[in-house]
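Participant: Numbering (my numbering), first residue to last: 49 to 559.
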């Protein structure tokens, strides 16, 4: 059979077609494609053909059919032989080779989805075929103008529990956290959202990550860029690519940023590294200048013969699983006992992300790449010496006592404040009642008996202003009986007898 060589490129068809289409979406063994021709998927979603990278006029690659005697630049090398091979671009973006003579056979001799470059489309698999050993991963371009393989790759790591890893060369730059029971430990960005549904499959034959678009009219893709960023993009509103998810968005996303036995916290959108209980910075001077990669060391050595125990950390992204031991059937109590039997065991956790005590994870080396993740984190139990446990217990007792004391002080302060307010209110009420009683007593001075007594003695009765104001209801208009040049005259009727009271006006008082 003839060998077939291809150098290909597929992309979204988001603008008007500017090139001449060739036989719709297929290319047969007897056909060729030139620089100005393209294949277009049936619903005009994807194009296939030659291309030039942005800001470059170079034509990258050559598409040709050659026989066994020809010069091969790159070959598909299909394992199966096809009597009538056909190359087809699908609406999913998958470029496939199939045998036209087997119309009912839906399997492909070769497909581009098994050979991803820098882009992951919906339905593409990022991960391992355990039967064939095929590993599908993203590889960045060398630069935005040169599409040869770059320095960064993003894929599934099978070490320990499966997880996603971004590498720059051989160095880890980002780790998603272990995957178990439909979610990644400590990574909310890979959770389901309104634009796409992440899917992670792990069984005896395959371990891979993929995603499905929730709306077929919205195009989505994951891209590994030459800068080292991995972003999930969606074409929203027909205007531009919007970033839905990106790794390494903060310092806590950087692999092992706080070093061994260090925990990265996000506080008010800024990162903060802290050593675990029973540990201290390896180099305090480096930590003062925010160089925390050296991590933390034990404040006292772990002496298993003298006893040890565990400190519980809730809501954290579990450590890197390079030195991880897994037992899916063991419970939490058994896991703890097993870890205590081995002095090399530095910590353990439940596999169950819901905290039901199912499964056992044990680490036998430094605990690295840990971050706080309240919503998507798990419980981690870190092993420390018995002496450190006592110090931590004493410290916690002091903190509890201090909290209790502060609570009691706050209670008494509120109690005293409440009593003081009640006393003030009572004093105001008593003062108001005394004033009313005084007013009532003053009104009794205007009785018939008092007036007659004053007349018999030939005296003119006199009253203070407070008494008169109270008796006339503050010179109310309803009691007015007339008005002269010096002001209004008001009558008072204490017992049915009229008495005239004149109020001097402002103008009458002027000289």
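Don't be surprised by glycine CBs; every beta carbon is placed ideally from N, CA and C. Quick caveat, the model's predicted, so the values are computed rather than measured.
Alpha helix (DSSP H) containing residue 220: first to last residue?
Facilitator: Here residue 220 is taken as the residue at index 172 of the chain shown, counted from 1. Looking at the DSSP string, residue 220 is not in any alpha helix (DSSP H); the run it does join, the beta strand (DSSP E), is 219 to 223.
Participant: Taking only the alpha-carbon atoms, compute the straight-line gap between residue 431 and residue 346 and give it to the nearest angstrom.
Facilitator: Locating residue 431 in the chain shown gives position 383, where the first residue counts as 1. Locating residue 346 in the chain shown gives position 298, where the first residue counts as 1. Going by the C-alpha atoms only, they are around 10 Å apart.
Participant: Do residue 259 and residue 245 have their CB atoms nearer than 8 Å?
Facilitator: Taking the chain shown and counting its residues from 1, one reaches residue 259 at position 211. Taking the chain shown and counting its residues from 1, one reaches residue 245 at position 197. Result yes, Cβ atoms of residue 259 and residue 245 sit closer than 8 Å.
Participant: With a threshold of 6 Å on Cβ separation, who are the neighbours of residue 282 within its own chain once the five nearest residues in sequence on each side are excluded?
Facilitator: In the chain shown, the residue the question calls residue 282 occupies position 234. The answer, listed in chain order, is 243, 266, 268, 290, 292.
Participant: My assumption, with CB atoms under 8 Å, is that residue 344 sits in contact with residue 395. Please give the rounded CB distance.
Facilitator: For this step, residue 344 is matched to residue 296 along the chain shown. For this step, residue 395 is matched to residue 347 along the chain shown. Wrong, their Cβ atoms sit about 13 Å apart, outside the cutoff.
Participant: Please list, in chain order, all residues of the same chain as residue 143 whose beta carbon is under 8 Å from its beta carbon, the five residues on each side excluded.
Facilitator: The count along the chain shown starts at 1 and reaches residue 143 at position 95. Counting only Cβ-Cβ distances below 8 Å, and skipping sequence neighbours, we find 56, 58, 96, 135, 136, 137, 159, 160.
Participant: Hey, could you find the ends of the beta strand (DSSP E) residue 431 is sitting in?
Facilitator: Counted from its first residue, the chain shown places residue 431 at position 383. Its beta strand (DSSP E) spans residues 426 to 433.
Participant: Assuming residue 202 contacts residue 209 (C-beta within less than 8 Å), just tell me the rounded distance between them.
Facilitator: Locating residue 202 in the chain shown gives position 154, counting from the first residue. Locating residue 209 in the chain shown gives position 161, counting from the first residue. Actually they are not in contact, since the Cβ atoms of residue 202 and residue 209 sit about 18 Å apart, beyond 8 Å.
Participant: Where residue 175 and residue 352 are concerned, what is the direct C-alpha to C-alpha distance, given to the nearest angstrom?
Facilitator: The sequence position of residue 175 within the chain shown is 127, counting from 1. The sequence position of residue 352 within the chain shown is 304, counting from 1. C-alpha separation (whole angstroms): 40 Å.
Participant: Does DSSP put residue 361 in a helix, in a strand, or in coil?
Facilitator: To locate residue 361, count along the chain shown from 1; it is residue 313. Residue 361: strand per DSSP, three-state reduction.
Participant: Find out if the Cβ-Cβ distance for the pair residue 365, residue 423 is shorter than 8 Å.
Facilitator: Within the chain shown, the letter at position 317 stands for residue 365. Within the chain shown, the letter at position 375 stands for residue 423. No, they are not a contact pair.
Participant: Between the alpha carbons of residue 325 and residue 227, how many angstroms are there, rounded?
Facilitator: For the purposes of this step, residue 325 is taken as the residue at position 277 of the chain shown. For the purposes of this step, residue 227 is taken as the residue at position 179 of the chain shown. Those two C-alpha atoms are separated by around 27 Å.
Participant: Near residue 277, which residues of its chain fall below 8 Å by C-beta distance, leaving aside the five closest residues on each side in sequence?
Facilitator: As a working note, residue 277 is residue 229 in the chain shown. If we look at residue 277 and ignore the five residues flanking it on each side, its Cβ neighbours are 294, 295, 296.
Participant: For the beta strand (DSSP E) containing residue 281, list its first residue and its last residue.
Facilitator: Here residue 281 refers to the residue found at position 233 of the chain shown. 278 to 284 is the span of the beta strand (DSSP E), which, as asked, contains residue 281.
Participant: Closest to residue 177 by C-alpha separation, out of 204, 91, 470, would be which residue?
Facilitator: Translated into positions along the chain shown, residue 177 becomes position 129. Ranking 204, 91, 470 by Cα distance to residue 177 puts 204 first.
Participant: So which of 85, 357, 367 has the shortest CA-CA distance to residue 310?
Facilitator: The residue you call residue 310 lines up with position 262 of the chain shown. It is 367.
Participant: Three-state secondary structure (DSSP) at residue 273?
Facilitator: In the chain shown, residue 273 corresponds to position 225, counting from 1. Three-state DSSP puts residue 273 in coil, outside helix and strand.
Participant: Are the region 325 to 336 and the region 159 to 173 touching, with three or more C-beta to C-beta distances below 8 Å?
Facilitator: Contact fails: fewer than three Cβ-Cβ distances are below 8 Å.
Participant: Nearest by alpha-carbon distance to residue 410: which of 206, 446, 378 is it?
Facilitator: Against the chain shown, residue 410 aligns to sequence position 362. Considering only alpha carbons, the answer is 378.
Participant: Under the rule that 16 or more other beta-carbon atoms within 10 Å means buried, what is residue 280, buried or exposed?
Facilitator: On the chain shown, position 232 is the one that residue 280 refers to. Buried, since its Cβ has 16 or more Cβ neighbours within 10 Å.
Participant: Taking the alpha carbon of residue 342 as the reference point, which residue from 399, 287, 415 has its own alpha carbon closest?
Facilitator: Taking the chain shown and counting its residues from 1, the one referred to as residue 342 is at position 294. Selected option, being the one with the closest Cα: 415.
Participant: Quick check: the Cα distance between residue 183 and residue 454, rounded to an integer number of angstroms?
Facilitator: Your numbering for residue 183 matches position 135 in the chain shown. Your numbering for residue 454 matches position 406 in the chain shown. Roughly 59 Å between the two C-alpha positions.
Participant: In this structure, does DSSP put residue 312 in helix, strand or coil?
Facilitator: Residue 312 sits at position 264 when you count from the first residue of the chain shown. Residue state, collapsed to three classes: strand.
Participant: Measure the C-alpha to C-alpha separation of residue 448 and residue 271 and round it to an integer number of angstroms.
Facilitator: Taking the chain shown and counting its residues from 1, one reaches residue 448 at position 400. Taking the chain shown and counting its residues from 1, one reaches residue 271 at position 223. One C-alpha to the other measures close to 50 Å.
Participant: Take residue 435 as the anchor and find which of 445, 399, 350 has the nearest alpha-carbon.
Facilitator: Mapped onto the chain shown, residue 435 falls at position 387. Ranking 445, 399, 350 by Cα distance to residue 435 puts 350 first.
Participant: Sort 84, 89, 76, 92 by Cα distance to residue 145 and report the nearest one.
Facilitator: Locating residue 145 in the chain shown gives position 97, where the first residue counts as 1. Nearest of 84, 89, 76, 92 to residue 145, Cα basis: 76.
Participant: Ignore the nearest five residues each way along the sequence and tell me which others in residue 400's own chain have a CB closer than 6 Å to its CB.
Facilitator: Taking the chain shown and counting its residues from 1, one reaches residue 400 at position 352. Contacts found: 406, 407.
Participant: Can you check whether the CB of residue 217 is closer than 8 Å to the CB of residue 274?
Facilitator: Residue 274 sits at position 226 when you count from the first residue of the chain shown. Residue 217 sits at position 169 when you count from the first residue of the chain shown. Contact flag unset, no.
Participant: How should residue 305 be labelled, buried or exposed, when 16 other C-beta atoms within 10 angstroms of its C-beta is the threshold for buried?
Facilitator: Numbered from its first residue, the chain shown carries residue 305 at position 257. Buried, by the Cβ-count rule.
Participant: Can you say whether residue 459 is buried or exposed, counting buried as having 16 or more other CB atoms within 10 angstroms of its CB?
Facilitator: Residue numbering aside, residue 459 sits at position 411 when the chain shown is read from its first letter. Exposed, since its Cβ has fewer than 16 Cβ neighbours within 10 Å.
Participant: Let me check understanding here. Comparing Cα to Cα, which of 320, 261, 327 lies closest to residue 338?
Facilitator: The residue labelled residue 338 in the question sits at position 290 within the chain shown. Looking at the Cα atoms, 320 is the closest of the given residues.
Participant: With which residues is residue 244 paired in a DSSP beta bridge?
Facilitator: Indexing the chain shown from 1 puts residue 244 at position 196. Per DSSP, 261.
Participant: By a C-beta neighbour count over all protein chains shown, 10 Å radius and 16 as the cutoff for buried, is residue 81 buried or exposed?
Facilitator: Residue 81 sits at position 33 when you count from the first residue of the chain shown. With 16 or more other Cβ atoms within 10 Å, it is buried.
Participant: Can you tell me where the beta strand (DSSP E) with residue 190 in it begins and where it stops?
Facilitator: Counting from 1 along the chain shown, the entry for residue 190 is found at position 142. Start and end: 186 to 191.
Participant: With a Cβ-Cβ cutoff of 8 Å, do residue 223 and residue 417 count as a contact?
Facilitator: Position 175 of the chain shown, counted from the start, is the residue given in the question as residue 223. Position 369 of the chain shown, counted from the start, is the residue given in the question as residue 417. Cβ atoms of residue 223 and residue 417: closer than 8 Å.
Participant: Buried or exposed: residue 433, going by 16 or more other Cβ atoms within 10 Å of its Cβ?
Facilitator: Counted from its first residue, the chain shown places residue 433 at position 385. Residue 433 should be labelled buried.
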